[in-house]
Amino acid sequence: GAVVSQHPSWVICKSGTSVKIECRSLDFQATTMFWYRQFPKQSLMLMATSNEGSKATYEQGVEKDKFLINHASLTLSTLTVTSAHPEDSSFYICSARDSNAYEQYFGPGTRLTVT
Amino acid sequence: QQPVQSPQAVILREGEDAVINCSSSKALYSVHWYRQKHGEAPVFLMILLKGGEQKGHEKISASFNEKKQQSSLYLTASQLSYSGTYFCGTEDDYKLSFGAGTTVTVRA
Chain U
2 GAVVSQHPSW VICKSGTSVK IECRSLDFQA TTMFWYRQFP KQSLMLMATS
52 NEGSKATYEQ GVEKDKFLIN HASLTLSTLT VTSAHPEDSS FYICSARDSN
102 AYEQYFGPGT RLTVT
Chain B
52 QQPVQSPQAV ILREGEDAVI NCSSSKALYS VHWYRQKHGE APVFLMILLK
102 GGEQKGHEKI SASFNEKKQQ SSLYLTASQL SYSGTYFCGT EDDYKLSFGA
152 GTTVTVRA
């Protein structure tokens, strides 16, 4: 149990375009999902907390107009990187918290490369 | 605020033991441990809750000292599959802050 999927697993896009990343909890309901970014050989940095049916909460320094988050249902959250630039290239990982438990489970991640 | 992990890296031979420490300057409610292999997402190992007992996962166990605001992860009789980067995460208002990670390399 506790499977989180992410799509796509990797994407290459041109500078100035937008990319949407989906995160789904497959076998549990997740009231809260989290989006992280990880640069090579670094730790996971929380970008935002996504709550079903309400606006996302962004961490300090994360541009909410650039990283649009939508938590449409108890099993789906999406992150859209708008007007992507090469510095946005990174490994984006979502996690989902089971509504009835404390654990957070991570999706497989999406490697974004902006050229 | 990020927890502090030590050591940064450790190299082991198969069968050897290791301890990874995680400490926080804030009072801890829970500590989450994950292992990440290169190019993959972190995999949940275990969670330790305030007032809870020591947990175990195969030959990997952990302890949580609430008074000292720290947790330790114990790798016992390490296997090649234990290689990876281990992160501890401390929880604050449902959000996790992760340490810098400890890279474990197990050699045959």
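For the record, the sequence lines run as chains U and B.
In case it helps, this note's numbering puts the first sequence at residues 2 to 116.
In case it helps, this note's numbering puts the second sequence at residues 52 to 159.
Don't be surprised by glycine CBs; every beta carbon is placed ideally from N, CA and C.
State the CB to CB distance for the pair residue i and residue j, rounded to an integer number of angstroms; the pair is presumed to be in contact (CB under 8 Å).
i, j, result
"Tyr-103/U", "Leu-100/B", "7 Å"
"Lys-146/B", "Thr-127/B", "About 31 Å separates the two Cβ atoms, so there is no contact after all."
"Pro-109/U", "Ser-44/U", "Rounded, the Cβ-Cβ distance is 18 Å, inconsistent with contact."
"Thr-141/B", "Val-82/B", "6 Å"
"Ser-74/B", "Gln-120/B", "6 Å"
"Gln-30/U", "Leu-69/U", "Between Leu-69/U and Gln-30/U the Cβ distance is about 23 Å, and since that is not below 8 Å, they are no contact."
"Leu-47/U", "Glu-60/U", "5 Å"
What are the partner residues of residue i, as DSSP defines its beta bridges?
i, result
"Ser-91/U", "Leu-113/U"
"Leu-124/B", "Ile-71/B, Ala-113/B"
"Val-155/B", "Val-61/B, Gly-135/B"
"Lys-146/B", "Asp-143/B"
"Leu-99/B", "Val-82/B"
Quick one: what does DSSP say residue i is sitting in, helix, strand or coil?
i, result
"Tyr-59/U", "strand"
"Tyr-85/B", "strand"
"Ser-132/B", "helix"
"Gln-7/U", "strand"
"Gln-53/B", "coil"
"Lys-65/U", "coil"
"His-72/U", "strand"
"Thr-50/U", "strand"
"Gln-105/U", "strand"
"Glu-91/B", "coil"
"Gln-30/U", "coil"
"Gln-43/U", "coil"
"Ser-84/U", "coil"
"Thr-79/U", "strand"
"Ser-96/U", "strand"
"Lys-118/B", "coil"
"Lys-77/B", "coil"
"Lys-15/U", "coil"
With respect to 7 Å, is the separation between the Cβ of residue i and the closest non-hydrogen atom of the ligand MN below this value?
i, result
"Ser-78/U", "For the structure depicted, the ligand MN is absent and the ligand set is empty, with no information on it obtainable."
Determine which residues of the stretch 114-125 of chain B have a Cβ less than 7 Å from any Cβ of chain U, and write them out in chain order.
-> none
When the Cβ atoms of the stretch 89-98 of chain U are set against those of the stretch 54-74 of chain B, are three or more pairs found closer than 8 Å?
-> no
Is the stretch 148-156 of chain B touching the stretch 125-136 of chain B, taking contact as three or more C-beta pairs under 8 Å?
-> yes
Stretch-stretch touch, CB-based, cutoff 8 Å, three pairs: the stretch 10-24 of chain U with the stretch 73-91 of chain U = yes
Could you please tell me which residues of the stretch 74-88 of chain B, in chain order, have their CB closer than 8 Å to any CB of chain U?
-> Ser-81, His-83, Tyr-85
Quick one, which residues of the stretch 99-116 of chain U are near chain B if we go by CB-CB under 7 Å, in chain order?
-> Tyr-103, Glu-104, Gln-105, Tyr-106, Phe-107, Gly-108, Pro-109, Gly-110
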